[in-house]
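Report on the following structure.
Residue numbers (this note's numbering): 10 to 196.
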């Protein structure tokens, strides 16, 4: 029997689970700035001292995001992209900042731009899959999660989310394989 993927996915319980997963992805996308005692102060100064440095704006955006200041992080990332349009990381992180603000379509556009620059960026495939799933496009989401796993077979988040998507559509046996793999990779 044909599965009504989109209809089943639009049920609230699935949307909430993917929303929680998206929030975790947003937090993980900005986690590296904890290496500095006062990351926000450091990067604010760096961006002021080097206004034409994409890296300084990316660093400031990362620090701002850790404080939940996503609109300001977005502005810094847009400046970084303006300075260096080929920086796939800036585009990916801009997508994360936009997703954190609930701007899924804009986020998806940035993930697509990052993937155009670096097609093997597994994290961008995963993030795009989250948005596609939340938009009721589970077939596209499945393709994105599968591509993330093709690129990074030991990516526990991709295994978990693909498992969740499969389970939510009655494909328990396939889902179990991915859940077990996710648990093995991140006990």
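The beta-carbon is built from N, C-alpha and C at its ideal position, and this holds for glycine as well.
Just the Cα atoms here: how many angstroms apart are residue i and residue j?
{"i": "residue 95", "j": "residue 193", "result": "36 Å"}
{"i": "residue 126", "j": "residue 101", "result": "10 Å"}
{"i": "residue 135", "j": "residue 49", "result": "28 Å"}
{"i": "residue 38", "j": "residue 105", "result": "Note that residue 38 has pLDDT 48, beneath the 50 cutoff, so the model's placement of it is unreliable and the number below is only indicative. About 7 Å."}
{"i": "residue 167", "j": "residue 53", "result": "34 Å"}
{"i": "residue 85", "j": "residue 145", "result": "31 Å"}
{"i": "residue 93", "j": "residue 62", "result": "9 Å"}
{"i": "residue 55", "j": "residue 164", "result": "33 Å"}
Three-state secondary structure (DSSP) at residue i?
{"i": "residue 184", "result": "helix"}
{"i": "residue 176", "result": "helix"}
{"i": "residue 8", "result": "For residue 8 there is no data in the structure shown, the boundaries of the chain being 10 and 196."}
{"i": "residue 65", "result": "helix"}
{"i": "residue 164", "result": "coil"}
{"i": "residue 149", "result": "helix"}
{"i": "residue 76", "result": "coil"}
Quick one: using the 10 Å Cβ neighbour count with 16 as the cut-off for buried, is residue i buried or exposed?
{"i": "residue 77", "result": "exposed"}
{"i": "residue 91", "result": "exposed"}
{"i": "residue 129", "result": "exposed"}
{"i": "residue 169", "result": "buried"}
{"i": "residue 88", "result": "buried"}
Fully enclosed by the segment 90-142, which alpha helix (DSSP H) runs are 4 residues long or longer? 97-109 and 113-126
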